[in-house]
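Participant:
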Amino acid sequence: MRLDILPIRKAVGEAVSFDYMLALSELDLYGERPIPEPVHVSGFAQNRADVYELHMDVEFTLRTRCARCLRELEIPLSYHVERPMADEVENEDENDEIILLESGVVDLDEIATETIVLEADMSYLCDEDCPGLCPTCGADLNEGPCGCNKPVDERFAALAELLEKGK
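Using the working numbering, you'd call the opening residue of the sequence shown number 55 and step up by one each time.
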């Protein structure tokens, strides 16, 4: 969605609001497409003494897998964006937070997508204490021990014997 801020250009304190659904089912995040349902984007652009500000909320459900046990997860996420907007910027390299307006128009879809890509974590866990999968048999250790013998590192076998003698 492209938001035209021309209606608030000469009206200090005025705002123009927006509220819409953005389809991002084709968005690739780390090799997956984890946002099958539309993203809710809402907020407003405001003229504050000839300084234009964008206030945006981005809400969606991320479908992914636990990084340890591979269980499917649905994680509700929301991000808030507050950024200044300007028609021109003196030094774009130093002012990367400023949204550059094109003929008084801001591309909200681009900002919402950029926010999701930059803010979403690379991996998620079903629980902080998730034990994951057994490296030997692949069993889900959340459901209990698998019964596999733990591999012994021969380099530390002598230390294990000393610990047993000390008990």
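From the three backbone atoms N, C-alpha and C, an ideal C-beta is built for every residue, glycine too.
Bear in mind the structure is a predicted one, so any value in this text is a computation, not a measurement.
Can you tell me the Cα-Cα spacing of SER71 and ALA65, whole angstroms?
Facilitator: Translated into the one-based positions of the sequence shown, residue 71 becomes position 17. Translated into the one-based positions of the sequence shown, residue 65 becomes position 11. Computed Cα separation, rounded: 14 Å.
Participant: Answer with yes or no whether the minimum CB distance from LEU108 to chain D is below 9 Å.
Facilitator: Although the question refers to chain D, the structure presented lacks it and comprises just one protein chain.
Participant: For the candidate residues VAL135, LYS219 and GLU164, whose alpha-carbon lies nearest to that of ARG56?
Facilitator: Sequence index remark: in the sequence shown, residue 56 carries index 2 (1-based). The shortest C-alpha separation from ARG56 is found at GLU164.
Participant: With contact counted as at least three CB pairs below 8 Å, one residue from each stretch, are the segment 125 to 140 and the segment 100 to 112 in contact?
Facilitator: yes
Participant: Considering Cα atoms alone, identify which of PRO185, ALA212, ASP58 and TYR178 is closest to PRO199.
Facilitator: As a position in the sequence shown, residue 199 is number 145, starting the count at 1. It is PRO185 whose Cα lies nearest to the Cα of PRO199.
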